[in-house]
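6 is the number of the first residue of the first sequence in the working numbering; add one for each residue after it. By construction, the Cβ of each residue, glycine as well, lies at the ideal position given by its N, Cα and C atoms. Quick notes on the structure that follows.
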Amino acid sequence: MNKYIVSIPLESSFSFTECLWFLNRNFDDCLHTIYSDRVRKPLFINGKLILTDIFQKSDQLFIEIISGDFDESDAPLIQEYISEWFDLNRDITPFYRLLSKDPRFSYMNQEFAGLRLIGIPDLFEALCWGIIGQQINLTFAYKLKRRLVEKYGTHMTFENEEYHIFPTCEALARVDPEELRAMQFSAKKAEYLIGLAGIFVKKKLSKEILTALPDFLSRQKALTSVKGIGIWTANYALMKSLKEQSCIPYGDAGLMQALFSHQVIETKKDTQPINRFFRDFAGWESYLVFYLWRSLAKK
DNA sequence: CTCCAGGGCAAAT
DNA sequence: ATTTGCCATGGA
């Protein structure tokens with residue numbers, strides 16, 4: 006087949022290297038593969054599977070379609086997906102001005118320069134990932150995700166490697182909870198995931214429905230009314246999928262750890278000063294949370 | 001061995 | 001209204 010390439014112009018405050026580093030940090034994510042200077046990811050676009058290689062050249066991000074049935078009319082959706090994934094449509098220089106005002110965080114300006122809030126454009130995937138990750142350590146969470154994806158997701162093969170897509174809600178809705186139990190999901194998580202899938206199948210919830218709601222609070226409420234989605238998962242999904250800018254995932258163990266190590270709080274369970282602390286970062290709470298998570302990863 | 005990880009729910013105060 | 005017990009597993 007011919008090689009198709011889609012491109013997206015970049016601003017100077019973007020670092021592909023930092024984004025790749027985050028995607029590749031300490032964990033085994035089954036939904037993308039990092040090579041030295043590019044990331045390979047399968048996408049489900051207009052009902053078709055395509056495999057993409059994403060890399061930077063000067064001031065543009067290139068998406069090369071290396072396999073699958075692609076035509077020109079797919080380009081806008083691909084651009085949209087990648088832009089959301091890497092949060093390309095945002096000027097983050099105001100955030101850096103806020104960071105530089107606080108001696109505890111000003112180092113992030115240089116160390117993480119150009120890192121964008123890496124998203125999960127698909128809302129169903131973001132919510133499932135949130136539920137999977139509840140309470141357990143991330144190594145185990147990624148292991149569970151891999152089992153789920155490899156069993157119920159679709160995949161494509163390229164040069165003897167398999168590239169996986171997150172399962173659709175239709176596929177998960179018909180799973181027997183006992184199957185997930187056998188894969189070491191807790192009984193509750195199995196029930197939550199299958200229940201959530203059913204809600205998506207019935208179109209009672211979708212990214213479009215959520216986006217159409219009038220404000221942050223009503224979106225939060227729509228999510229927390231679902232069994233298995235509490236305030237943490239709701240805010241996590243709103244941050245990662247809808248790119249809401251003022252999400253504080255209350256109760257997050259990693260956030261508390263990072264606030265402790267940056268001397269914002271005295272002990273890891275000291276939840277009181279959080280709201281007051283975040284007031285100085287109004288409009289950039291999500292970004293600060295993301296950068297604090299980034300600070301937890303070991304070089 | 002115990003404790004705790006990118007929580008949430010239902011039952012018990 | 002707020003707190004407590006439980007969940008699944010693995011690494012520290």
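Original post:
If you draw a straight line from the C-alpha of Lys274 to the C-alpha of Leu54, how long is it?
Top reply: 45 Å
Subject >> With 16 other Cβ atoms within 10 Å as the buried cut-off, status of Asp305 >> reply: Residue 305 is absent from the structure shown; the chain starts at 6 and stops at 304.
Subject >> Proximity below 9 Å, CB of Pro172 to CB of Thr162 >> reply: no
**OP:** Note down, one range per segment and in chain order, each beta strand (DSSP E) of at least 3 residues found wholly within the segment 13-89.
**Re:** 43-50, 53-62 and 65-73
Subject >> Nearest-angstrom Cβ-Cβ length linking Phe32 and Arg43, presumed shorter than 8 Å >> reply: With 8 Å as the limit, Phe32 and Arg43 do not qualify as a contact, their Cβ atoms being about 19 Å apart.
**OP:** In angstroms with no decimal places, state the Cα-to-Cα distance between Phe100 and Asp220.
**Re:** 22 Å
Original post:
Three or more C-beta pairs closer than 8 Å, one from the segment 224-242 and one from the segment 258-275: is that the case here?
Top reply: no
Original post:
For Val5, which residues does DSSP report across the bridge?
Top reply: Because the chain is modelled from 6 through 304, residue 5 falls outside the range shown and cannot be assessed.
Subject >> Pair within 9 Å by beta-carbon distance, Ile83 and Ile71 >> reply: no
Original post:
What are the start and end residues of the beta strand (DSSP E) that includes Glu183?
Top reply: It is not in any beta strand (DSSP E) - Glu183 instead sits in the alpha helix (DSSP H) that spans Pro182 to Ala187.
**OP:** Determine the direct distance from the alpha carbon of Trp26 to that of Ala80, and round the result to whole angstroms.
**Re:** 26 Å
Original post:
Taking Ser18 as the reference, which of Lys209, Ser63 and Ile279 has the closest Cα?
Top reply: Ser63
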